[in-house]
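Residue numbers (this note's numbering), protein chains in the order written: chain A, 8 to 206; chain B, 8 to 206.
Ideal Cβ positions, reconstructed from N, Cα and C, are used throughout, including at glycine.
Keep in mind the model is a prediction, meaning the values are calculated, not measured.
All remarks here apply to the structure that follows.
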């Protein structure tokens, strides 16, 4: 998850037509730049940010929230390499999404995690997007690791990654710190309360 | 400032008699351990956390909020090495604090910064404590640098370092990342909107 230093995953005044909020696009520049999209500032092949993008793109299943999925038009049914996409939703898939074989609407976060991990085999699962999904996965204890991409910006307001979680205070184990380009700091933790032997 | 990964400077249920909130003491363990207080887990002399403590203790003036100052009983009038202490407060100093020559109650954050920087000469000023002070110093543009000690814990609730700041989104320049012991990540930024030539 890309998060501003003050804890936001969008800028202020986020809403329809302004999905990232005012100034929120700064949270994701590093990813798109390093992903080789046509930007003048694209990261070099050996960049730290590029390595993080490569890791995300080498996952073999994706779990995402319905809001993120539908706002992205379901990535045309293919997030990357045709890996299965599990969309957490209380409603069944709409017709336009149900046509894609890789897309599965699932109502329970534990079931989504189980299916995605099974599909990914010995590779990782990417949990993509919505802060609500991160909260649900965290509180359900199905998250193995949590990587924060700490963006050097104060957004002042917006949607928070960590709203009041309703969990007991829990320590995490830091696994890795990488100094990305553009002042982005990637910090990876082992998530608290993860279920042993299930990663 | 020590901040939990989810953005808190205290745990939940913070209040009189529970100043750090439930579980909030975990935010400051690294400092006291590295500072050589009598703890079994005290950091070694060459520790990263110890270096950060040394930097804090080599500052030559302190600015603090009234709440932090008075909750600490004014550190007995001496935070470290007798350096001047500027207490941001709308009220004048109470008698017990006014007796200390190093302690100055100041109502304006810009005036506090000016006096503290003058007193510190070519050394740094420590801005100690309260999140409200950080917000006031940030929004007043008198903060030169901002160092976050990112603690590997999710507190779930508490008092936030960055409440809605009421500022325009502003980028920061990352100056330094240090991997401290115990999973603490020290990230230093140049603060936005700082006044040039005034550090």
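In whole angstroms, what is the alpha-carbon distance linking residue 154/A and residue 145/B?
The C-alpha of residue 154/A lies about 27 Å from the C-alpha of residue 145/B.
Whole beta strand (DSSP E) elements within the segment 167–195 of chain A, 3-residue minimum:
Taking only runs of at least 3 residues, the beta strand (DSSP E) segments lying wholly in the segment 167–195 of chain A are 180–186.
How would you label residue 68/B, buried or exposed, when you count the other beta carbons within 10 angstroms and need 16 or more for buried?
Classification for residue 68/B: buried.
Roughly how far, in whole angstroms, is the beta-carbon of residue 94/A from the beta-carbon of residue 110/A, given that I think they are within contact range, below 8 Å?
Correct: roughly 6 Å between the Cβ atoms.
Environment of residue 125/B [buried if 16+ CB atoms lie within 10 Å]:
With fewer than 16 other CB atoms across the displayed protein chains lying within 10 angstroms of its CB, residue 125/B is exposed.
On the three-pair Cβ rule with 8 Å, is the segment 56–65 of chain B touching the segment 187–202 of chain B?
With the cut-off at 8 Å, the segment 56–65 of chain B and the segment 187–202 of chain B touch.
Counting contacts by CB-CB distance shorter than 9 Å, is residue 181/A in contact with chain B?
At least one chain B Cβ lies under 9 Å of residue 181/A.
Is the beta carbon of residue 14/A less than 9 Å from the beta carbon of residue 173/B?
Here residue 14/A is not near residue 173/B, since their CB atoms are 9 Å or more apart.
Between the Cα of residue 101/B and those of 17/B, 127/B, 74/B, 182/B, spot the shortest distance and give me the residue it belongs to.
The candidate whose alpha carbon is nearest that of residue 101/B is 74/B.
Status (buried if at least 16 other CB within 10 Å, exposed otherwise) for residue 10/A:
The residue is buried, with at least 16 neighbouring Cβ atoms inside 10 Å.
Please go through the same chain and pick out, in chain order, the residues whose beta-carbon is closer than 6 Å to the beta-carbon of residue 34/B, but skip the five residues on each side of it.
Taken in chain order, the residues that qualify are 9, 158.
Entirely within the segment 10–95 of chain B and at least 3 residues each: give me those beta strand (DSSP E) ranges in chain order.
Whole beta strand (DSSP E) segments, 3+ residues: 69–72, 92–95.
Nearest-angstrom Cα separation, counted from residue 105/A out to residue 3/A:
No statement about residue 3/A is possible, as the shown extent of chain A runs from 8 to 206 and does not include it.
Comparing alpha-carbon positions, which option in 194/B, 165/B, 175/B lies nearest residue 181/B?
Here the closest residue by C-alpha is 194/B.
For residue 70/A and residue 132/A, which I take to be in contact (beta-carbon distance under 8 Å), what is that distance rounded to the nearest angstrom?
Going by Cβ atoms, the distance from residue 70/A to residue 132/A rounds to 6 Å, so yes, they are a contact pair.
Determine the DSSP secondary structure at residue 1/A, reduced to helix, strand or coil.
Since the first and last residues shown for chain A are 8 and 206, residue 1/A lies out of range.
Give the single residue among 23/B, 178/B, 77/B whose Cα lies nearest to the Cα of residue 135/B.
Here the closest residue by C-alpha is 77/B.
If residue 179/B and residue 160/A are in contact, beta carbons under 8 Å, what's the gap, nearest whole angstrom?
Their Cβ separation, rounded to whole angstroms, is 7 Å, which keeps residue 179/B and residue 160/A in contact under 8 Å.
When the Cα atoms are used, what is the spatial distance from residue 148/B to residue 171/A?
Linking residue 148/B to residue 171/A through their CA atoms gives a straight-line distance of about 29 Å.
So which of 99/A, 119/A, 103/A has the shortest CA-CA distance to residue 92/A?
Of the listed residues, the one whose Cα sits closest to residue 92/A is 119/A.
Run through chain A and tell me which residues come within less than 8 Å of residue 192/B, C-beta to C-beta.
Within chain A, the residues near residue 192/B are 181, 184, 192, 194.
Just the C-alpha distance for residue 156/A and residue 122/A, rounded to the nearest angstrom, thanks.
Approximately 26 Å, taken between the alpha carbons.
Counting only runs that start and end within the segment 94–126 of chain B, where is the alpha helix (DSSP H) found for 4 or more residues in a row?
The DSSP assignment places complete alpha helix (DSSP H) segments of no fewer than 4 residues inside the segment 94–126 of chain B at 102–105, in order along the chain.
Is any beta-carbon of chain B found at less than 9 Å from that of residue 169/A?
Chain B, which has a Cβ nearer than 9 Å to the Cβ of residue 169/A, makes this yes.
What's the C-alpha gap between residue 103/B and residue 32/A?
Going from the Cα of residue 103/B to the Cα of residue 32/A covers about 51 Å.
Per DSSP, residue 134/B is paired with what?
Answer is 70/B, bridged to residue 134/B.
Between residue 183/B and the rest of its own chain, which residues show a CB-CB distance below 6 Å, the 5 nearest in sequence each way excluded?
Excluding its 5 nearest sequence neighbours in each direction, residue 183/B has C-beta neighbours in its own chain below 6 Å: 195, listed in chain order.
Compute the Euclidean distance between the alpha carbons of residue 16/A and residue 27/A, then round it to the nearest angstrom.
One alpha carbon belongs to residue 16/A, the other to residue 27/A, and they sit about 8 Å apart.
Simplified DSSP assignment, three categories, for residue 145/B:
In this structure, DSSP gives residue 145/B a helical state, which the three-state scheme calls helix.
Proximity test, Cβ basis, 9 Å: residue 174/B and chain A
Yes, its Cβ sits closer than 9 Å to a Cβ of chain A.
List the residues that DSSP assigns as beta-bridge partners of residue 153/B.
According to DSSP, which records beta bridges pairwise, residue 153/B is partnered with 196/B.
Mind listing the chain A neighbours of residue 155/B? Cutoff is C-beta to C-beta under 9 Å, in chain order.
What residue 155/B touches in chain A, judged by beta-carbon distance under 9 Å, is 12, 157, going in chain order.
Applying the 10 Å Cβ sphere with the 16-neighbour rule, what's the burial state of residue 96/A?
With 16 or more Cβ atoms within 10 Å of its Cβ, residue 96/A is classed as buried.
Please classify residue 130/B as buried or exposed, where buried requires at least 16 other C-beta atoms within 10 Å of its C-beta.
Burial call: exposed.
Using the three-state DSSP reduction, which class does residue 161/B fall into: helix, strand or coil?
Residue 161/B falls in the strand class under three-state DSSP.
For residue 16/A and chain B, any beta-carbon pair shorter than 9 Å?
Not an interface residue.
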